[in-house]
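Numbering (the working numbering), first residue to last: 6 to 405.
The beta carbon of each residue, even a glycine, is placed where N, CA and C say it ideally should be.
The model shown is predicted, which means the values in this text are computed figures rather than measured ones.
First the structure, in the form of structure tokens, and then the observations on it.
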Amino acid sequence: MGKMSLFLEVCFVREGQIAGWAFNADDLQCRLTLEVWINGELDGFCDCSLASDVVASWGLGDHSGRYAFLYSSQKLSAGRLLRFVVHDACLFGEWSLLLPRQTGAVTTYGSPGSMASRLGSFERYKSFRSLSNDVRMKIALQRYYLSSKAVRSTSIDIILPTYNRAGVLRAAIESVLRQVHQCWHLYICDDGSSDNTADLCSCYVRDSRIHYLPMPHRGVSAARNAGLSRSRSGYVAFLDSDNTWSPEYLSLMLSFLSKQSLDCGFCAALLTGDCDGDKVWLGNFFSWRSCLEVNYIDLNCFVFRRASVGLKRASFDESLRRFVDWDFILAITKESRTAFLCCALVNYYNGDQLDRITSLEYRGARGSDVMDAIRAKHYQLAGMCDNVDAQIACASIDSG
């Protein structure tokens, strides 16, 4: 039994209720139990055992039906991300749905139709289920977010620090040029490179949206801050010189922030490099407390709205030589409306190359000491306790 055996369809959504049906086409005697997750938190369980003649009309089940579900929750409100999960010893499947923004609206998904049309729909569904989780989620999200016309004229600034990375910088810049969303400005912040970075960038600055900012070598935080001080757009994104974006990245992230009324948003990344040839997923639903224990938000996946965050928090601590991204994200998301777009749109190189701008700065620093200092700093700023060391110990126990 595999993923292609599982079928779920939502019939309608309204404030506080959602209904549909789900079954395993390989074992129609099996009654599925769904985990229901709302905005990344487990809300409850739902048995697919209500009487329904819909499945029988498709010719896919016995005539007794009983595959339908009706789930009620006060958390089923407009604009929330709903996720169904089914798993046991042999089966695993999951489906995600963004609840409609109109409060109190009733949204109907599909109609019974003829047996032939429903079987055809099921065959297309099986083909869709055979795709990877990431591809399926990307298709669904593109359909939802790329329909937004409001963000097509929204300007976003991209901060790209680099240091002696001319060999990989071109791919990063090209991934920006290939974006579906074309209303952007790219600030290439050259942290004192001695290779041919300047020559490479001279070819790209013919595009008026691309700005090359050479500066003395002061580190990645200073380079990013220089770009931030020059940027003027209402939204800001970050890209490192050895990473790339999928063409839909800016479109989906801007639409996500706009439609969900967010201050900050981030997506998942696919890690490549020293990962035994496999791509590793990096990303999870947002919790500031969880992020304080371990950073699972990569800056290349992160976009924020300048007006809601403010200039004071939107800067990097130049005294730090390690984990500057983590420190920045903790500061900027603490009092901001932040959410995770469950889709991998960033290709992140995870190799241990010594010429990476951050690798050069990290030499000699004890990671555990720096992490403890950053945690203590943000516990104090958040006013979470008087005894910071005790609170960190408690947090470590809680997170385990």
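Could you pull out every residue in the same chain whose Cβ sits closer than 7 Å to the Cβ of residue i, ignoring the five residues on either side in sequence?
i	result
N248	A177, N305, V351, N352, Y353 and Y354
S199	N169
I337	C269, F309, V314, R318 and A319
S341	D268, C269, S313 and V314
Have a look at the options and flag the residue whose alpha-carbon is nearest the alpha-carbon of residue i.
i	options	result
R294	C348, E323, A349 and R380	R380
N169	R85, I334 and S246	S246
G172	D204, K264, P252 and V18	D204
N44	Q34, S238 and S78	S78
E14	C53, V181 and I161	C53
L287	H383, A273 and F261	A273
R311	S256, A344, I161 and Y209	I161
Identify, in the order they occur along the chain, each residue of the same chain with its Cβ nearer than 6 Å to the Cβ of residue i, setting aside the five sequence neighbours on each side.
i	result
A228	P166, C194 and D196
E323	S226 and A227
V375	R327 and F328
D330	L304
Y254	L350
Would DSSP call residue i helix, strand or coil?
i	result
D374	helix
I163	strand
L37	coil
R235	helix
R175	helix
I43	strand
D196	strand
V210	coil
Per DSSP, which residues does residue i bridge with? Please list them.
i	result
F243	I164
S77	Q22
D52	T38
T343	C269
L218	C194
A228	None; A228 has no bridge partner.
R310	Y240
So, does the CB of residue i fall closer than 7 Å to a CB anywhere in chain B?
i	result
T159	Among the chains in the structure shown there is no chain B, since it carries only a single protein chain.
Note down the Cα distance separating residue i from residue j, rounded to an integer number of angstroms.
i	j	result
L297	Y72	42 Å
Q265	V41	20 Å
F74	L81	15 Å
C206	F50	55 Å
D377	L244	26 Å
P219	T343	33 Å
L55	L346	32 Å
R237	Y192	11 Å
I187	F307	This sequence places Gln at residue 187; Ile is not what is there. Using only the alpha carbons, I get a separation of about 18 Å.
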